[in-house]
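Reviewing the structure listed below.
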Amino acid sequence: MIKDNATEAVMRELNASYGIMTFDELLALTGYSPVELASAIGVLTAERKIQIRVNCLLDFPSGRHSCKELLFMRFRKLVSIHFMQHREVDFYASKLCISPKHLSTSVKTTSGRTVREWIRDAVIEEMKYHLLHSGQSVKELAARFNFPNISCFGKYFKTQTGMSPKTYRMSGEDVNLIVKSKK
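Just so you know, we're using full-length UniProt numbering here: the sequence shown kicks off at 1 and counts up by one.
Below you can see the structure in the form of structure tokens.
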């Protein structure tokens, strides 16, 4: 069990710095081991005496990236994980702990495309693949892609591609690979 004086020391140092301090700074100021300090922080967090803000320092092999580029990469990763269940800008902004407006501006500036376009394209490409290769019914696909019913799934697909899921499946063609016939 963590000693009361460790949590008191952490609170004292945090109060002195107006609550803005890194873990390493707390280590140096309190003199506790990393395990003791982490335990004290855990106790204070559980007691709702402090809140923790975690900044993830990502290491990308291609070198330095701007904040907007890092945000864009994190957004793309989230889309690749969650696009089948979540198509709302608010969901991704919330996961990234930023406002939807900030996400939209950063993605548009970095990629030239909107957040909705990235999400939509991921969803549509996956729908096309499943329609042609999965053998699942349209009803099963609607559920898989988190649509309330077949009608909503069909309307979404048709709005984006110009054809119904059934027509697309029957055509057996991936619209991205259509070869123009002879003139």
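Just so you know, even glycine gets a beta-carbon here, dropped at the ideal spot from N, CA and C. Small disclaimer: the values here were computed from a predicted structure and weren't measured.
Residue interval of the alpha helix (DSSP H) (run including residue i)
i    : result
F23  : 23-30
F91  : 89-95
I52  : Here I52 belongs to no alpha helix (DSSP H), and DSSP marks it neither H nor E.
R113 : No alpha helix (DSSP H) contains R113, which DSSP labels as neither H nor E.
F157 : 150-161
I98  : No alpha helix (DSSP H) holds I98; DSSP gives it neither H nor E.
S39  : 34-46
S171 : 165-171
Reference residue i; option with closest CA among the options
i           : options              : result
M127        : P100, E47, F145      : F145
D90         : A28, K108, H102      : H102
residue 187 : Q160, A142, T161     : There is no way to answer for residue 187, as the model of the chain reaches only from 1 to 183.
Q160        : R116, S171, H133     : R116
P100        : S134, M84, G135, F72 : F72
C97         : F75, Q85, Q136       : F75
G42         : T110, K108, F23      : F23
R169        : N149, K155, H130     : H130
C-beta atoms of residue i and residue j nearer than 8 Å
i    : j    : result
K158 : S164 : yes
E13  : M21  : yes
L44  : V79  : no
V138 : R87  : no
A6   : E36  : yes
DSSP-derived helix/strand/coil call for residue i
i    : result
I119 : helix
M84  : coil
F75  : helix
N5   : helix
S104 : helix
V146 : Per the sequence presented here, residue 146 reads as Asn, with Val not at that position. It is coil, neither helix nor strand.
R12  : helix
S181 : Confidence is the limiting factor: at S181 the pLDDT is only 39, short of 50, which leaves the residue's position unreliable and the question unanswerable from this model.
Anticipated Cβ contact below 8 Å, residue i with residue j, distance rounded
i   : j    : result
K68 : S106 : 4 Å
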